[in-house]
Structure formats: C-alpha cells, structure tokens
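In terms of my numbering, the sequence shown has 1501 at position 4, counting the first letter as 1, and numbering is strictly consecutive. Note that beta-carbon positions come from the ideal geometry of N, C-alpha and C, so glycine has one too. Here's the structure we're looking at; comments come further down.
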Amino acid sequence: SRGYLRDGDKLRCPSHIRPVPVLTQALARLKTTRLEWAHLSEQLRAIRQDLTVQHQEEHPLALEVYVFNAGAALDHRDWGQYDQCWARLHAGLPAGQRPGWTAVDLVYRLLV
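Structure (structure tokens):
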C-alpha cells in the first residue's frame, strides 16, 4: 500500500507506480478490510493516481475503482471525493450504464 503522491518527481519514477495487477490486488484488499475513511480514501486516490499516470483510465479496473470510491464517499458524506468520482464516471461510463448513476447523483444533489 502507498499513499497518494503529491510529489511530481516521484510520479515520473516507475518504481513509485504500481502496475495494474498489483492495483487489482490492492483494490480487492480494500474492499474486504475495514479502514477508517481517511485511510481508505487515501488508498483509493493512490490507486486512481497510479492508473492515471499509466494512462489506464479506460481499463475496467478504473471503472471498478471509481464506482467503489463513489459509493464509499457517499457512505461517508465526502461530497468532494464523490464529485471527483462522479465526474470521471459520467465521462467514462457507456450510455447504457448511466441511468442508475444519474439516479444516485440526483439523490446526492438533494442531500447536499
């Protein structure tokens, strides 16, 4: 596990970026482990960051991460994190998968 990197130099170093199979394992572990929201959020952001740096935003794992992260953010009332995930999901979801998320977003908008 590694935290979200804010140092651009580290993002240019391949040894700091986990490959997709490692990210898949990391997400599976996060889904089955109870963590404080701050730590879970940090780990999910790090996975999203590694996928982005590797230009893997269209990988099925990216969709899985954003869906899980959006749901967890709603559970923890982290509206900023939810907004980030929603924007990415809305841009990357196939049209047939959007109606369910549109309903979720409507409920979110009513809560905020």
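- Here histidine 1587 is not near tryptophan 1534, since their CB atoms are 8 Å or more apart.
- Looking at the backbone, the Cα of histidine 1536 and that of phenylalanine 1565 are separated by about 15 Å.
- Separation of lysine 1528 and glutamine 1522 (C-alpha to C-alpha, rounded to the nearest whole angstrom) is 10 Å.
- Non-local C-beta neighbours of glutamine 1553 in its own chain, meaning closer than 7 Å and more than five positions away in sequence, comprise Val1517, Ala1559, ordered along the chain.
- Taking a C-beta distance under 8 Å as the contact criterion, tyrosine 1563 and arginine 1542 do not qualify as a contact pair.
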